[in-house]
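In terms of the working numbering, the sequence shown opens at residue 1 and continues consecutively. Right, one structure below, let's go through it.
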Amino acid sequence: MIEMEGDDKTAVSTRQRMVASRNNKQGNEPATDNGRVYLKKEVGLVKGVAIIMGFIIGSGIFMAPQGILRGTYSVGMSLVVWVICGIMSSVSALCYAELGSTIHKSGGTYTYILQAYGDLPGFLVSWANVLVINPSGSALNALTFGTYVSEYVTPGECLPLSVVTKLFSILAMMLCVFINCMSVRHSASAQVAFTTSKVLILVIIIGCGIVKMIQGETRHLDPTVSFEGTSADVFGYGTALYQGLWAFAGWDVLNLLTEEVKNSKRNIPLAICISMTSVLVIYLFTNIAYFTLLSADEVLASNAVAVTFAERVLGPMAWIVPLGVCISTFGNLLSGLLAMPRNAYVAGREGHMVKALSMVSVTRHTPLPSIVFQGTIATIMVSIGDFNSVLNYFSFAAWLFFGFGFLAIPVLRYRFPDHHRPFKVPIVLPIAAAIFCLFMVLAPIISEPTLAYLYLVAILMGIGVIFYVLFVWKKYRPGFMDAVSMFIQKMFLVAPSSYLEPDEN
1 MIEMEGDDKT AVSTRQRMVA SRNNKQGNEP ATDNGRVYLK KEVGLVKGVA
51 IIMGFIIGSG IFMAPQGILR GTYSVGMSLV VWVICGIMSS VSALCYAELG
101 STIHKSGGTY TYILQAYGDL PGFLVSWANV LVINPSGSAL NALTFGTYVS
151 EYVTPGECLP LSVVTKLFSI LAMMLCVFIN CMSVRHSASA QVAFTTSKVL
201 ILVIIIGCGI VKMIQGETRH LDPTVSFEGT SADVFGYGTA LYQGLWAFAG
251 WDVLNLLTEE VKNSKRNIPL AICISMTSVL VIYLFTNIAY FTLLSADEVL
301 ASNAVAVTFA ERVLGPMAWI VPLGVCISTF GNLLSGLLAM PRNAYVAGRE
351 GHMVKALSMV SVTRHTPLPS IVFQGTIATI MVSIGDFNSV LNYFSFAAWL
401 FFGFGFLAIP VLRYRFPDHH RPFKVPIVLP IAAAIFCLFM VLAPIISEPT
451 LAYLYLVAIL MGIGVIFYVL FVWKKYRPGF MDAVSMFIQK MFLVAPSSYL
501 EPDEN
């Protein structure tokens, strides 16, 4: 870890004492601990629910229906896939509720694998999270936002230009990075407003669907015809499941923020249960609403299902839906850039990433370097990628490590049988979730063999092991890293951070 020397160190220490004094006068939690800054607990139950639902409800419910239908070839089976994805995501979330209430460090999957399996597996997960999984998730959210803004700005038959879409995506990315760098409290509060807007727009869609069902518009939902043409390719459903599971992605987001959650033993499991139940019900009724007006062919032909639905049912007021979708996906991006950089932050603190990424602003109490770093990688992905390629790489890598995360539950129960577990799931759930992850990893390779997946494995494992041996095990440190670390500390006014054990009953 690079500490400031001389006048630089004195300046930062003085600033830390000034901030701590100011917070004490205001009756807030002190900002420093023995000269080190740390992340403050700003997230309660309501904000926790808003963060989870805000991250889950975003791009998926508006773009995934087309991909799921393309993989299942029937309306009825597409709805079944939505239910399966909801159930599996809920089971996965319950497993992480146990881990989050037991292990009080931030970092999510990375922290759990590090605790269960040791240093090398932990490093490989941090390597994948920081360079592939997290930035690709943010890039996908930004691309979805850019797509819908382009659709809103250039309506009719005029197709949005990819350059315009990416421009809007990058602008949204930069704004979200700025907001999350400024304040965790304000970012979490904004999630409450964005989540309310998301639920409201989906309630409008569901309400329109209920009205159409009352009017007898149920021909596409009739069980006698809705399953016609259903695909018989079992592994082909892997693509459809990827799309559906992406719509539910984010059930683990609060685990990334564990150190910033008030009474995490209670609030993490409770927030997960409330959020997953709400999202599953909303998603299912939203998809039913789509099919009250749109046929399978119309859904497949639409680049923006929610917009097409709104044009058919709301007429002149159809602009409300794309505007609401833009707000929804922006909130999703904001939530992701709040939580995902915590992986880089914790990995840096554990010595698995550059130490500068673990530093925290002495005035804002945010992991500013890791937020900027993750935002930069995601912006690069936006500029060179598209929706489908980013989604494939994200899903493949994410479910690979989720599987090991689920198996961490029996491993940790065996290694630490006396550890207090406020929330505990039946052992069959993490095992079933891990088996499902294995299917999700193998399905796209079997159904559509491509070298891209093999390249990804080579990068994640092969190069990751080389970096681990060189920089973690051998502790090789290039000479210029001292100057880089010093520059980052001065530029962002950040300092090394500490982990504080929670003082909770």
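Even glycine gets a Cβ: it sits at the ideal position worked out from N, Cα and C. None of these values were measured; they are calculated from a predicted model.
The beta-bridge partner set that DSSP reports for A247 is empty. Per DSSP, S92 is one residue of the alpha helix (DSSP H) stretching across 75-102.
Looking from the CA of A398, the closest CA among P367, M340, M359 belongs to M340. Membership of I204 in the alpha helix (DSSP H) is indicated by the continuous run 184-214. A495 carries a strand assignment under DSSP once its states are collapsed to helix, strand and coil. Looking at the backbone, the Cα of G250 and that of V75 are separated by about 26 Å.
If you look at F373, you'll find it in the alpha helix (DSSP H) that goes 368-384. If you look at E311, you'll find it in the alpha helix (DSSP H) that goes 305-313. C-alpha of S295 to C-alpha of N343: approximately 42 Å in a straight line.
If you look at S302, you'll find it isn't in any alpha helix (DSSP H); DSSP assigns it neither H nor E.
The beta carbon of L257 lies closer than 7 Å to those of V43, S106, A339, R342 in the same chain, with the five residues before and after it left out. Under the criterion of beta carbons closer than 8 Å, A188 and K47 qualify as touching, at roughly 4 Å.
Ranked by Cα distance from V354, the options K265, V234, Y468, V307 are led by Y468.
Taking a contact to require three or more Cβ pairs closer than 8 Å, the segment 459-479 and the segment 325-332 do not qualify as touching. The segment 357-376 makes no contact with the segment 86-103, as fewer than three CB pairs between them are under 8 Å.
Separation of M53 and L79 (C-alpha to C-alpha, rounded to the nearest whole angstrom) is 21 Å. By the Cβ test, the segment 120-128 is not in contact with the segment 301-318, since fewer than three Cβ pairs between them sit closer than 8 Å. Under the three-state reduction of DSSP, V43 is assigned to strand. Between W82 and Y237, the C-beta gap is not smaller than 8 Å, which leaves the two residues out of contact. Your pair G324 and I201 checks out as a contact, with CB atoms roughly 3 Å apart and the cut at 8 Å. Residue range 119-128 is occupied by the alpha helix (DSSP H) that includes P121. With a contact defined as Cβ atoms closer than 8 Å, I268 and N255 qualify at about 7 Å. Selection D297, K262, G244 evaluated against L280 yields G244 as nearest (Cα-Cα).
Distance between I272 and T102, taken at the CA atoms: about 15 Å. DSSP places S361 in the strand class (E or B) of the three-state scheme. The segment 209-226 and the segment 290-307 touch, with no fewer than 3 CB-CB distances between them shorter than 8 Å. Annotation: L500 is outside any alpha helix (DSSP H) and is labelled neither H nor E by DSSP.
Annotated three-state conformation of V153 is helix, per DSSP.
Remark: C-beta atoms of V321 and A306 approach each other more closely than 8 Å. P430 is a Cβ neighbour of I409, given a cutoff of 8 Å. Here F168 has F145, G146, V149, S150 as same chain residues with Cβ atoms under 7 Å from its own Cβ, once five neighbours each way along the sequence are excluded. Less than 8 Å divides the Cβ of Q374 from the Cβ of N134. For V261, DSSP records a beta bridge to V43.
Classified as buried, R364 has 16 or more neighbouring CB atoms from the shown chains inside 10 Å of its CB. Beta-bridge analysis with DSSP links V225 to no other residue.
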